[in-house]
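One structure below.
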Amino acid sequence: MTTFNRRNFLELTALGAAGAIMGHGSNIFAQNKTNGFDLEEKTVIELQSAMQKGEMSSKEIAAKYLQRIGDIDKKLNSVIELNPDALEIAGRCDDERKSGKVRGPLHGIPVLLKDNIDTADKMKTTAGSLALIDAPVPKEDAFIVKQLRDAGAVILGKTNLSEWANFRSTKSSSGWSGRGGQTHNPYILDRNPCGSSSGSGVAIAANLAAIAVGTETDGSIVCPAAACGIVGIKPTLGLISRSGIIPIAHSQDTAGPMTRTVADAAALLTVLVGMDISDVITSQAAKEKKDYTQFLQKDGLKGVKIGVARQYFGRNAKVDKLIEPQLQVLKDGGATLVDIEFSKLRAFDDAEYEVLLYEFKAGLNRYLTRRGGQYKTLKDLIAFNEKNADKEMPFFGQEIFIQADAKGDLNERAYQIALLQSKLMTQEQGIDAVMDKHKIDAIVAPSGGTAWMTDLVGGDCGYFGSSSLAAVSGYPNITVPAGYIQGLPAGISFFGRAFSEPVLIKIAYAFEQMTKARKTPKFLATTL
Numbered sequence: 033m034t035t036f037n038r039r040n041f042l043e044l045t046a047l048g049a050a051g052a053i054m055g056h057g058s059n060i061f062a063q064n065k066t067n068g069f070d071l072e073e074k075t076v077i078e079l080q081s082a083m084q085k086g087e088m089s090s091k092e093i094a095a096k097y098l099q100r101i102g103d104i105d106k107k108l109n110s111v112i113e114l115n116p117d118a119l120e121i122a123g124r125c126d127d128e129r130k131s132g133k134v135r136g137p138l139h140g141i142p143v144l145l146k147d148n149i150d151t152a153d154k155m156k157t158t159a160g161s162l163a164l165i166d167a168p169v170p171k172e173d174a175f176i177v178k179q180l181r182d183a184g185a186v187i188l189g190k191t192n193l194s195e196w197a198n199f200r201s202t203k204s205s206s207g208w209s210g211r212g213g214q215t216h217n218p219y220i221l222d223r224n225p226c227g228s229s230s231g232s233g234v235a236i237a238a239n240l241a242a243i244a245v246g247t248e249t250d251g252s253i254v255c256p257a258a259a260c261g262i263v264g265i266k267p268t269l270g271l272i273s274r275s276g277i278i279p280i281a282h283s284q285d286t287a288g289p290m291t292r293t294v295a296d297a298a299a300l301l302t303v304l305v306g307m308d309i310s311d312v313i314t315s316q317a318a319k320e321k322k323d324y325t326q327f328l329q330k331d332g333l334k335g336v337k338i339g340v341a342r343q344y345f346g347r348n349a350k351v352d353k354l355i356e357p358q359l360q361v362l363k364d365g366g367a368t369l370v371d372i373e374f375s376k377l378r379a380f381d382d383a384e385y386e387v388l389l390y391e392f393k394a395g396l397n398r399y400l401t402r403r404g405g406q407y408k409t410l411k412d413l414i415a416f417n418e419k420n421a422d423k424e425m426p427f428f429g430q431e432i433f434i435q436a437d438a439k440g441d442l443n444e445r446a447y448q449i450a451l452l453q454s455k456l457m458t459q460e461q462g463i464d465a466v467m468d469k470h471k472i473d474a475i476v477a478p479s480g481g482t483a484w485m486t487d488l489v490g491g492d493c494g495y496f497g498s499s500s501l502a503a504v505s506g507y508p509n510i511t512v513p514a515g516y517i518q519g520l521p522a523g524i525s526f527f528g529r530a531f532s533e534p535v536l537i538k539i540a541y542a543f544e545q546m547t548k549a550r551k552t553p554k555f556l557a558t559t560l
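In the numbering used here, the protein residues as written are 33 to 560.
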């Protein structure tokens with residue numbers, strides 16, 4: 033197994049990137065200070081405007097993000113690898129712009145990808161596991177990476193994650209991987225960033241890139257987005273291709289935007305959506321392909337009826353105290369609110385877990401076989417972890433791996449019944465039933481609690497979330513910053529029927545514009 037020093041690699045790459053620009057006798061970082069242009073909290077629209085006006089090139093923007101990663105990610109551990117070709121790609125984007133070719137809103141915009149998304153370039157794709165460090169580079173980009181490249185985005189690097197997207201042990205620490213170590217919450221560094229898209233959430237909160245892509249099976253976009261004070265969209269299953277993404281469960285997996293604003297999330301979603309013949313579930317995506325930025329309406333709350341999922345209240349008094357006034361904001365914006373209740377709220381938990389175990393084994397074995405590395409099955413990974421327990425299992429084990437490997441194939445009746453039950457209870461008897469009964473347009477709930485103290489030995493604890501109904505049903509969910517509790521971010525979630533992203537974006541954007549709750553992190557060591 034190749035020895036991999038993540039920190040040295042990142043420092044050298046970032047310094048090299050900065051040097052490539054500095055070598056031309058122009059200190060762009062000094063120039064930035066004098067001309068008043070600062071990348072912190074800059075949106076996609078603002079960056080595009082700066083490039084169009086000639087105030088900044090894509091190459092300069094990418095270099096500044098690389099420099100910032102080199103400067104501050106030592107304390108965050110959010111970026112697992114940088115793209116050595118990022119500046120060259122950005123330069124090509126600049127050349128295209130000079131010739132009059134601008135591919136769209138993401139042209140020249142740096143983006144970070146979670147390290148379970150295949151790229152056919154000089155970067156590795158490992159899901160945070162040392163087992164894949166020496167695996168062959170994927171033969172082709174993930175479908176969504178092709179979409180991003182075609183849109184002119186600059187792939188800046190890859191982010192750390194909960195190893196195997198947090199499906200190895202029930203005692204894991206979110207944001208830890210054997211390859212990347214522990215990622216830290218940028219607001220208070222001894223707090224957890226949640227996961228499994230931990231690095232994407234932290235990097236965007238800390239302004240290490242313009243936008244990022246995460247993935248979710250259940251909570252892995254919305255939880256770290258909320259815990260890190262950013263916007264996250266978990267789209268409807270079928271909007272975005274999963275081809276080339278290391279899987280957990282095909283009945284729930286999706287990629288999605290992680291950004292600082294709803295507008296940036298809508299712009300990124302517009303690019304990610306697309307029909308992929310390699311992923312049959314995206315057949316509906318052709319009908320849903322649209323510019324989602326058209327739904328960014330400041331009056332988006334007027335006339336909408338929103339159900340308040342009261343079963344997610346009463347779990348944390350401080351969260352309740354923060355979220356209750358936000359419900360009044362929704363009313364002030366013109367929304368009508370009605371309390372709702374789900375009859376099957378936790379009844380599907382066991383069925384969901386059974387489905388994930390079956391689908392994880394089947395999907396991962398397929399992925400590993402196609403990848404063509406030394407380890408071709410889940411059983412091989414279990415053996416690798418046992419052999420390298422000092423590096424892969426110093427804090428927690430792999431009981432989920434073992435449970436999944438004991439499952440049979442997807443023709444087994446136990447799997448088929450569990451899949452039917454989980455979908456029935458979350459769709460027809462869940463979200464659809466409640467929305468039909470109350471004739472509502474969307475549902476609102478606290479995204480969850482604030483970040484807990486990271487505990488590598490004991491694992492995650494003390495967190496509750498509202499992600500599961502939307503995750504298991506395959507329906508959309510958007511989290512937006514709602515405020516802070518003792519310096520830690522908390523989010524508010526809006527979810528609804530399949531393919532209701534336009535309505536949810538309208539609501540989320542209007543709420544965001546009324547509250548403007550997001551604050552930049554202070555990187556505090558601890559809290560009182």
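No residue lacks a Cβ here, since even glycine has one placed at the ideal position from N, Cα and C.
The beta carbons of L520 and T482 sit closer together than 7 Å. As a beta-bridge residue in DSSP terms, W208 pairs with Q214.
Distances from the CA of Y390 to each of Q448, I121, M83 were compared; the closest alpha carbon is that of Q448.
If you draw a 10 Å sphere on the C-beta of S532, you find 16 or more other C-beta atoms in it, and that means buried. Contact check for A235 and V143: beta-carbon distance about 10 Å, past the 8 Å limit, so the pair fails to qualify.
By the criterion of a C-beta distance shorter than 6 Å, R135 is surrounded in its chain by A183, G184, once the five residues flanking it on both sides are discounted. In this structure, DSSP gives T302 a helical state, which the three-state scheme calls helix. Burial check for K455: the Cβ neighbour count within 10 Å reaches 16 or more, so the residue is buried. By the neighbour-count definition (other C-beta atoms within 10 Å, threshold 16), I539 is a buried residue. With fewer than 16 other Cβ atoms inside 10 Å of its own Cβ, I309 counts as exposed. According to the DSSP secondary-structure assignment, S525 is paired through a beta bridge with A477, T511. Membership of P357 in the alpha helix (DSSP H) is indicated by the continuous run 349-364. Between I475 and A341, the beta carbon gap of about 5 Å places them in contact (Cβ cut-off 8 Å).
In this model, E195 and I176 are separated by some 21 Å (Cα to Cα).
In the three-state scheme derived from DSSP, where H, G and I count as helix and E and B as strand, E87 is classed as coil. It is roughly 41 Å from the alpha-carbon of I187 to the alpha-carbon of A446. In this structure, DSSP gives I187 an extended state, which the three-state scheme calls strand.
With three or more CB-CB distances shorter than 8 Å, the stretch 460-480 counts as touching the stretch 520-530.
A straight-line Cα-Cα distance of about 7 Å links G494 and W484. The beta carbon of T202 lies closer than 7 Å to those of E431, I432 in the same chain, with the five residues before and after it left out. In this structure G189 does not touch N109 by the C-beta definition: roughly 13 Å separates them, more than the 8 Å allowed. Contact between G160 and G212 holds: CB atoms are separated by about 5 Å, below the 8 Å threshold.
Look at the beta carbons and you see the stretch 403-410 not touching the stretch 497-508: under three pairs across the two are nearer than 8 Å. Counting other Cβ atoms within 10 Å of its Cβ, D381 stays below 16 and is therefore classed as exposed. G497 carries a strand assignment under DSSP once its states are collapsed to helix, strand and coil. Membership of P256 in the alpha helix (DSSP H) is indicated by the continuous run 254-259. Contact fails between the stretch 319-336 and the stretch 464-471, because fewer than three Cβ pairs, one in each stretch, are under 8 Å apart.
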